[in-house]
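A.B. asks: The structure under discussion is supplied below as structure tokens; questions concerning it will follow.
There are 2 protein chains.
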Amino acid sequence: MGLPGAVVLVSGGMDSCVAAAIVRLSCETAFLHLNYGQRTEARELRAFKEIADHYRVERRLTASLEHLARIGGSSLTDPSQPIERANLASTGIPATYVPFRNANMLSVAVSWAEVLGASAVVIGAVEEDSSGYPDCRRRFYDAFNAVIEEGTRPGSGIRVLTPVIGMAKSEIVRKGLELGAPLHLTWSCYRNQDVACGECDSCALRLRAFEQAGVLDPLPYRVRPHYT
Amino acid sequence: MGLPGAVVLVSGGMDSCVAAAIVRLSCETAFLHLNYGQRTEARELRAFKEIADHYRVERRLTASLEHLARIGGSSLTDPSQPIERANLASTGIPATYVPFRNANMLSVAVSWAEVLGASAVVIGAVEEDSSGYPDCRRRFYDAFNAVIEEGTRPGSGIRVLTPVIGMAKSEIVRKGLELGAPLHLTWSCYRNQDVACGECDSCALRLRAFEQAGVLDPLPYRVRPHYT
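Going line by line, the protein sequences match chains A and B. If you read the first sequence in the working numbering, its first letter stands for residue -8, the second for the next number, and so on. If you read the second sequence in the working numbering, its first letter stands for residue -8, the second for the next number, and so on.
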């Protein structure tokens, strides 16, 4: 096995799975999974392991950012807040936003990349067809690249890659199928860990994407509404 | 007690203690301490608690970034690597550099600041009169401010403040004494947790600073060389 060219943040969800599939076309990868105390972490960790096994990835790291749950401010990490039903027409920042989460995650990824000698960190962020989190926008990643350039050893050359950021979710499904990505191993539901709820923002975006792509999502759902 | 205006990263060392003393002149503070698996963490945590008690800070958070030790790449976190003797004339990046550490720390601080509604995060980084870490330079913090602007809620207004970044270490000592900062409670040695070694980079910078300021460092040292 060669040196990994890229550290991929693999949450267990669909977007990062397809991002990994794309990057693996051109370089060796190391997989990083971060637990931030969200309610479905056990299921997401299982998905991470199964995806990493599927791709026979040897270099894996899991780490805990559980203090993000203690810091709070998000319905994903605070069991006393309900996970809202999806409202795909909303333009505000939803209650599931975890403050500055992706900067915390990228920072760990860059630290690991610097030690491994990898030249990229990869994150499956999606900008337009997403929940509207500020730390999923291209401008955030452009700014982060400047931080990496200033804050790592001169010549580290590490860049953030966002291979699916401009894709519609349905394109991500199609790309995943095209590349044989193990979408059946991924997990997206914000609420449940056994049967997906079908009603949270993450289920709604996923169900709509599969429907638009004209294929059936292989995951079990409690309900499968039609989202437009 | 009012809302905290600033989240201060308090390592237990002298620079962040004086940074805290400066910021407390103008606003309420919350203190954040991060363990990154360094060999002197137990002593630094004690210093953090004693400094926070001294200032009667109610809002405190400690969290673990121990994965930075698992990631490695630094003599501070890898017990199999020796802590080198000080070489204050060196211009390279020393083996004590922890890859991208300060980005990891700032990210936690910004997450907490966003939830608290604080408008600043404070770090006691020192640029010129320091060990030459890339993530202690002004340019790194300028770049990080752009990331905060893009990656937090619109209007969060959070900025990184670096109140001692341009000071010589001896000025930091003088400023600390002027403000009554509890320098006797701080800990700087990279090697030891009971009696400071007097020989590592951190001890050397500190001893030289006190000598230049014309005062005796109140900490116990195994040896007290004269550094120039």
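A virtual CB, placed ideally from N, CA and C, is assigned to each residue, including glycine. No experiment lies behind these values; they were computed from the predicted model shown.
1) Can you list, in chain order, the residues of its chain with a C-beta nearer than 8 Å to that of Val99 of chain B? Leave out the 5 residues immediately preceding and following it.
2) Beta carbons nearer than 8 Å to chain B: which residues of the region 137 to 170 of chain A have them?
3) Find the residues of chain A that neighbour Glu105 of chain B, judging by a C-beta separation of less than 9 Å, and give them in chain order.
4) Run the CB neighbour count on Val(-2) of chain A, radius 10 Å, all protein chains shown included, and call it buried at 16 or more, exposed below.
5) Terminal residues of the continuous beta strand (DSSP E) containing Ser55 of chain B?
6) Val112 of chain B versus chain A: which residues are under 9 Å apart at the beta carbon?
7) Using a Cβ cut-off of 9 Å (strictly closer), state whether Val48 of chain B contacts chain A.
8) So Tyr124 of chain A and Ile84 of chain A are in contact, right, with Cβ under 8 Å, and what is the actual spacing, rounded?
9) Determine the DSSP secondary structure at Phe135 of chain A, reduced to helix, strand or coil.
10) Can you pull the chain E neighbours of Leu67 of chain B, defined as C-beta to C-beta under 9 Å?
11) Select from the region 117 to 135 of chain A all residues with a C-beta closer than 7 Å to any C-beta belonging to chain B, and list them in chain order.
12) Spatial neighbours of Ser161 of chain B within its chain, please: C-beta separation below 7 Å, excluding the five flanking residues on both sides.
13) Using the DSSP secondary-structure output, state which residues sit across from Tyr212 of chain B in a beta bridge.
14) I need the DSSP call for His24 of chain B, collapsed to helix, strand or coil.
15) Do Val9 of chain A and Ala172 of chain A have their CB atoms nearer than 9 Å?
16) Can you give me the C-alpha to C-alpha distance between Arg30 of chain A and Glu19 of chain B, rounded to a whole angstrom?
17) Hey, is Ser71 of chain B's beta-carbon within less than 9 Å of any beta-carbon in chain A?
18) Taking DSSP as the reference, what is the three-state secondary structure of Leu176 of chain A?
19) May I ask you to report which of helix, strand or coil DSSP gives Ala37 of chain A?
20) Just to make sure I have the definition right: I need the residues of chain A whose C-beta is within less than 9 Å of the C-beta of Val101 of chain B. Which are they?
21) Figure out for me which residue from B:Glu41, B:Val48 and B:Asp120 has the closest Cα to the Cα of Gly(-4) of chain B.
22) Are the CB atoms of Leu198 of chain B and Arg213 of chain B within a distance shorter than 9 Å?
23) If you measure from the beta carbon of Val81 of chain A to each beta carbon in chain B, is any gap under 9 Å?
24) Look up Ala159 of chain A in the DSSP assignment and say whether it is helix, strand or coil.
25) Verify the CB distance criterion: does Ala86 of chain B have a CB-CB separation below 9 Å to chain A?
26) Is the CB of Leu52 of chain A under 9 Å away from at least one CB in chain B?
27) With H, G and I counted as helix, E and B as strand and the rest as coil, what does DSSP make of Arg150 of chain B?
28) With DSSP collapsed to three states, give me the class of Ala77 of chain A.
29) Apart from the five residues on each side of it in sequence, which residues of its chain come closer than 7 Å, Cβ to Cβ, to Arg144 of chain A?
30) Please report whether the beta-carbon of His58 of chain A lies at a distance below 9 Å from any beta-carbon of chain B.
31) Under 9 Å between C-beta atoms, does Ser98 of chain B make it to chain A?
32) What does the alpha-carbon distance come out to for the pair Ser122 of chain B and Arg128 of chain A?
C.D. replies: So, to answer that:
1) Leu23, Leu25, Ala54 and Leu56
2) Ala137, Val138, Ile139, Glu140, Glu141, Gly142, Thr143, Arg144 and Pro145
3) Ile62, Gly64, Pro90 and Phe91
4) buried
5) Arg51 to Ser55
6) Residues of chain A passing the Cβ test: none, with the nearest at roughly 10 Å.
7) no
8) 7 Å
9) helix
10) This model lacks chain E altogether, as its protein chains are A and B.
11) Pro125, Asp126, Arg128, Arg130, Phe131, Ala134 and Phe135
12) Ala200, Gln203 and Ala204
13) B:Ala187
14) strand
15) yes
16) 33 Å
17) no
18) helix
19) Reading the sequence as shown, one finds Arg at residue 37 of chain A and not Ala. Arg37 of chain A falls in the helix class under three-state DSSP.
20) Pro90, Phe91, Ala94 and Asn95
21) B:Val48
22) no
23) The question names Val, yet the displayed sequence has Ser at residue 81 of chain A. Output row for Ser81 of chain A: interface = no.
24) coil
25) no
26) yes
27) strand
28) coil
29) Glu105
30) yes
31) yes
32) 35 Å
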